[in-house]
Amino acid sequence: MLGLKLPTDPRWVNIVEKNIEEILTDHAFCEQKATSTAISLIVSFPEYTDLVQEMTALVKEEISHFKMVHDKIIERGWVLGRDRRDDYVIALLKFFPKGGSRTTQLVHRLLYAALIEARSCERFRLLSEELEDEELAEFYRNLMVSEANHYTMFLGFARQYGEKKEVDTKWQQLLEYEAEIISNLGTNEAIHG
Ligand SMILES: [Fe+2]
Ligand SMILES: [Fe+2]
């Protein structure tokens, strides 16, 4: 249902399980970046009224996710570490050429956001099904539902503001490219690692 072309290798969960502190740190920053993305879309595209309304709600939701993860870190007696480099996102954001009309740029940013939400959702589902830590598995089950809704919303906006056929073609191409990136990952304790 997420459209992803390549599922995550389930062995990734075994790697994650050995270092919960590391995955929570990486995850906390993913939520913080999701918040920043929503704010940045409001700043860059203020005339898209529906988008601004939804992004305002999203800022609140993503920062509340950040707090939920931060609370988990505190509960376990840890302190939030520094941000990690996200090679997945760095590689992904190279796909669409820079420039183009404002609408084109908006569509590209919405498609990137949709894909990052979709992959996060897939990874959270895996964590919810495979983690032996029951409490954490439940935590990821709830977050998985939120991220699935975000994926649908971003893709919906891309189709609403862009030309639908062109958007669908770009989306398929981006999915293919993402499968290539993910085929080289799955080896470290990061949400997109
Ligand atoms: Fe989130
Ligand atoms: Fe999200």
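Take 771 as the starting number for the sequence shown in my numbering and just add one per residue.
Glycine included, C-beta positions come from ideal geometry on N, C-alpha and C.
C-alpha of S890 to C-alpha of E917: approximately 7 Å in a straight line. Closest in alpha carbon position to T874, among D857, D856, K934 and I833, is K934. Under the Cβ criterion (8 Å, minimum of three pairs), the region 771-786 counts as touching the region 883-901. Using a Cβ-Cβ distance cut-off of 8 Å, the region 804-817 and the region 867-883 are in contact, since at least three pairs of beta carbons, one from each stretch, lie closer than that value.
Contact between the region 831-838 and the region 936-956 is absent: fewer than three C-beta pairs spanning the two stretches fall below 8 Å. For the 7 Å CB-CB criterion, V877 and G932 form a contact. Rounded to the nearest whole angstrom, the C-alpha separation of M914 and A861 is 23 Å. In the DSSP annotation of this structure, L850 is not part of any alpha helix (DSSP H), being labelled neither H nor E. Under the three-state reduction of DSSP, F894 is assigned to helix. A804 has its CB nearer than 6 Å to a heavy atom of ligand 2. Secondary structure of I793 (DSSP, three-state): helix.
When the beta-carbon positions are compared, A949 and L811 stay at least 7 Å from each other. 7 Å or more divides the Cβ of C800 from the Cβ of I952. Remark: the shortest separation between the CB of E817 and any heavy atom of ligand 2 does not fall under 6 Å.
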